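Asks: Take this structure, written in structure tokens, and hold onto it; I'll ask about it next.
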């Protein structure tokens, strides 16, 4: 068996290299086909109202089942650890100024955390933020 002088690996016959190249191209085509299927299915389902109830993609390719389902993260999973800390303090009745003092950060930083929390949770008030994080429904009150 000869070795490649540049790297010391066994030299592969030319036909083996061609076969490996065809396999890579074949694998690439499989991935492209799966991606096209995914895009097609997501496009179809985005038009329906019940899109969040059904799988976006459910197909079997080469004996492997691919199932893509929509997942809505919990409100508390959206926040960073620092945002959790700020939200916890708000739920205990702290003002922004008190939060800044306890956490030793500026009032502007607390305000920035609050804006990001409100945006991530889709709320506009401190009470709605606390309700979203505790799972309460303010509309029912």
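Residue numbers (the working numbering): 15 to 155.
Glycine is no exception: its CB is placed at the ideal position from the N, C-alpha and C atoms.
Source: prediction; values computed, not measured.
1. Considering only C-alpha positions, which residue in the set 44, 132, 85 and 149 is nearest to residue 93?
2. Identify the continuous beta strand (DSSP E) that holds residue 140 and give its terminal residues.
3. Considering Cα atoms alone, identify which of 101, 142 and 82 is closest to residue 126.
4. I need the straight-line Cα distance from residue 112 to residue 147, nearest angstrom please.
5. Rounded to whole angstroms, what's the CA-CA distance from residue 128 to residue 122? Just pull it up for me.
6. Residue 70 and residue 83: beta carbons closer than 8 Å?
Replies: Concretely, from the data shown:
1. Nearest of 44, 132, 85 and 149 to residue 93, Cα basis: 132.
2. No beta strand (DSSP E) contains residue 140, which is instead part of the alpha helix (DSSP H) from 140 to 148.
3. When each option's Cα is compared against that of residue 126, the closest is 101.
4. So the two alpha carbons sit approximately 21 Å from each other.
5. The alpha-carbon atoms of residue 128 and residue 122 are separated by roughly 10 Å.
6. In this structure, residue 83 lies closer than 8 Å to residue 70 by Cβ.
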